[in-house]
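Structure record follows, encoded as structure tokens.
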Amino acid sequence: MLWHPPFRAFSLPGLLLLLTLGNVGFAAEPSTVPPPPADVSPIKLLDADATKLLAEVYQVNETIPLDARLVEKVSKDGILREKIVFRGAQGYLVPAYFQLPPEGNGPFPCVLLLHGWSGSKEHWWIDNNYISGGNVRKALIDRGFAIFALDAQAHGDRISVNDYAPVNHYNDPDQGPEQRKGYFTREEIYIQTTRDYRRAIKYLSTRPEIDSARIGLFGYSMGGAQAYLLTGSDPRIKCAVSCCAPREENAYSPVGPQNFLSGLGDRPFLTIMGRNDELCPIGHAQAIHELNPSTHKELIILESGHKFPHEYVPLAVEWIRANL
Numbered sequence: 013m014l015w016h017p018p019f020r021a022f023s024l025p026g027l028l029l030l031l032t033l034g035n036v037g038f039a040a041e042p043s044t045v046p047p048p049p050a051d052v053s054p055i056k057l058l059d060a061d062a063t064k065l066l067a068e069v070y071q072v073n074e075t076i077p078l079d080a081r082l083v084e085k086v087s088k089d090g091i092l093r094e095k096i097v098f099r100g101a102q103g104y105l106v107p108a109y110f111q112l113p114p115e116g117n118g119p120f121p122c123v124l125l126l127h128g129w130s131g132s133k134e135h136w137w138i139d140n141n142y143i144s145g146g147n148v149r150k151a152l153i154d155r156g157f158a159i160f161a162l163d164a165q166a167h168g169d170r171i172s173v174n175d176y177a178p179v180n181h182y183n184d185p186d187q188g189p190e191q192r193k194g195y196f197t198r199e200e201i202y203i204q205t206t207r208d209y210r211r212a213i214k215y216l217s218t219r220p221e222i223d224s225a226r227i228g229l230f231g232y233s234m235g236g237a238q239a240y241l242l243t244g245s246d247p248r249i250k251c252a253v254s255c256c257a258p259r260e261e262n263a264y265s266p267v268g269p270q271n272f273l274s275g276l277g278d279r280p281f282l283t284i285m286g287r288n289d290e291l292c293p294i295g296h297a298q299a300i301h302e303l304n305p306s307t308h309k310e311l312i313i314l315e316s317g318h319k320f321p322h323e324y325v326p327l328a329v330e331w332i333r334a335n336l
């Protein structure tokens, strides 16, 4: 089961950002904000100055060379899959999988796949798992989409930065002094991964097989939250699917989906939630959806918890096909 950690203390840069945002303040109550559901606290939005400041956190240094290279090519499900490494936002190498449809000459539209907490890029090649990852990828490939999936910071092939410990090993008083510690906050992982995906989009623009004007994304759980962060900070994303994004209760959080809504513009955005998802009460999800400024937004509520039934896959994939 995917696990989402509680809010943790900021590192020094994060704390400075938090204090700065706190001095900027919230927007006045806009007339477009509907009354929140009765069981949900009102969602506050950062004002324009705070939003601009937050956007700076997600900028990337374009002078860092990509240094992208192919390190592996294997056949998966009868389709060639490339393993690529490139330099991410801070110059560290980021591993990713890249797969093209087996038929057609391209250039192909491409969908970025963003996995959940404690997952990895491998999960998009496993059928019928917690996120129905293999099901999603195969359905997209069958409909003519290329696929690009990287490991989030401290996940998958990048686990060495956390002393080879799964990221959900945090301080637990019941485990005594010998327990493993997490070396990255949730905020650091979200921000780094989002910035690395911005670098990935730059890499995709160098591939002649890819139509760089047609880049979409699909994110589940942590990836669902990052769908807001990446789409809200990068206009090159043309449409996005966010599945079961966990609620962020800290109004000033640099990774709160609500703080990226203004950056979505009028791009197509699909939200899929489970009615019984304990990580995000459905009323909160509805309130976030109502605040989304896009006129091309859609909310699908499944009779499930944080784990969706596999039948959600065609709903999401057909929506991408219609909007990308």
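For the sequence shown, the residue numbers in the working numbering are 13 to 336. Beta carbons are placed, not taken as given, at the ideal position from N, Cα and C, and that holds for glycine. Because the structure is a prediction, the values reported are computed rather than measured.
Sequence-distant residues of the same chain with beta carbon closer than 6 Å to residue i, five excluded per side
i	result
Glu41	Because the pLDDT at Glu41 is just 31, under 50, the model does not fix this residue reliably, and the point stays unresolved.
Val148	Val325
Glu310	Leu282
Pro48	Note that Pro48 scores a pLDDT of 45, beneath 50, so its modelled location is shaky and nothing firm can be said.
Closest residue to residue i among the options (Cα-Cα distance)
i	options	result
Ile91	Lys64, Ala158, Ala80, Gly103	Ala158
Gly103	Leu336, Thr75, Asn117, Thr307	Thr75
Leu58	Leu303, Gly118, Tyr209	Leu303
Gly194	Pro178, Gly277, His301, Pro266	Pro178
Pro119	Ile222, Lys133, Ile203	Ile222
Glu84	Thr63, Phe110, Leu273, Lys64	Phe110
Tyr232	Arg207, Lys319, Ser274, Glu261	Lys319
Thr218	Ser53, Ala80, Pro54	Ala80
Tyr240	Leu273, Pro54, Ile96, Ser224	Leu273
Lys150	His167, Leu82, Ser130, Pro113	Pro113
Ser4	Pro121, Arg211, Pro54, Ile96	Lying outside 13 to 336, the shown extent of the chain, residue 4 is not represented and no answer is given.
Gly156	Gly116, Asp139, Asn140	Gly116
Gly268	Asp154, Ile203, Asp139	Ile203
Ser236	Ser53, Leu291, Arg211, Lys95	For the record, residue 236 in the displayed sequence is Gly; it is not Ser. Checking every option, the nearest Cα to that of Gly236 belongs to Leu291.
Leu242	Arg211, Glu261, Leu216	Arg211
Asn73	Tyr209, Gly286, Ser265	Tyr209
Asp89	Pro266, Ile96, Asp154	Asp154
Leu216	Lys309, Ile96, Ser265	Ile96
Ser53	Phe98, His308, Pro266, Pro293	Pro293
Neighbourhood of residue i by C-beta, 7 Å cutoff - its chain only, sequence neighbours within 5 removed
i	result
Lys214	Leu78
Thr205	Ala164, Gln165, Gln238
Asp169	Pro107, Asp163
Asn288	Ser316, Gly317
Pro46	Because Pro46 sits at a pLDDT of 43, beneath the cut-off of 50, its placement in the model cannot be relied upon, and the point is left open.
Phe38	Confidence is the limiting factor: at Phe38 the pLDDT is only 34, short of 50, which leaves the residue's position unreliable, though a coordinate-based value still follows. If we look at Phe38 and ignore the five residues flanking it on each side, its Cβ neighbours are Lys56, Leu57, Leu58, Asp59.
Ile138	Gly145, Gly146
Gly286	Cys256, Leu314, Ser316, Gly317, His318, Phe320
Cβ pair residue i, residue j closer than 7 Å
i	j	result
Leu124	Phe160	yes
Val329	Leu152	yes
Leu336	Cys251	yes
Met234	Gly128	yes
Leu276	Val253	no
Ala334	Lys56	no
Ile227	Arg248	yes
Ser306	Arg279	yes
Ile284	Ile312	yes
The beta strand (DSSP E) enclosing residue i, as first and last residue numbers
i	result
Pro121	120-126
Gln204	It is not in any beta strand (DSSP E) - Gln204 instead sits in the alpha helix (DSSP H) that spans 198-216.
Val148	Segment 145-154 is the alpha helix (DSSP H) holding Val148; no beta strand (DSSP E) there.
Gly286	281-286
Ile312	309-314
Ser265	Taken as a continuous stretch (DSSP letters only), Ser265 belongs to no beta strand (DSSP E), as it is neither H nor E.
Min CB distance residue i to chain D below 7 Å
i	result
Tyr70	Of the protein chains in this structure there is only one, and it is not chain D.
Close-in-space but distant-in-sequence residues of the same chain around residue i (CB under 8 Å, 5 per side omitted)
i	result
Ser87	Arg93
Val36	Low confidence applies here, because Val36 scores a pLDDT of 39, under 50, leaving its location unreliable; read the following figure in that light. Closer than 8 Å at the Cβ level, and outside the excluded window around Val36, lie Leu58, Asp59, Asp61, Ala62, Leu65.
Pro220	Gly118, Pro119
Ser43	Reliability of the predicted coordinates at Ser43 is poor, the pLDDT of 28 falling under 50, and no value is obtained from them.
Start and end residues, alpha helix (DSSP H) containing residue i
i	result
Ala237	234-245
Ala161	Run containing Ala161: none in the alpha helix (DSSP H); it sits in the beta strand (DSSP E), 158-162.
Ile55	That residue, Ile55, is in no alpha helix (DSSP H); it is neither H nor E in DSSP.
Leu326	Checking the sequence shown, residue 326 turns out to be Pro, not Leu. Its alpha helix (DSSP H) spans residues 324-335.
Lys64	60-69
Leu112	From DSSP, Leu112 is part of no alpha helix (DSSP H); its letter is neither H nor E.
Ala299	294-303
Original post:
Does the region 59-73 come close enough to the region 170-179 to have 3 or more Cβ pairs within less than 8 Å?
Top reply: no
Original post:
With a cut-off of 8 Å, do at least 3 Cβ pairs link the region 308-325 to the region 143-154?
Top reply: yes
Original post:
Do three or more CB pairs link the region 256-270 to the region 290-300 at distances below 8 Å?
Top reply: yes
Original post:
Would you call the region 195-203 and the region 133-141 touching, i.e. three or more CB-CB distances under 8 Å?
Top reply: no
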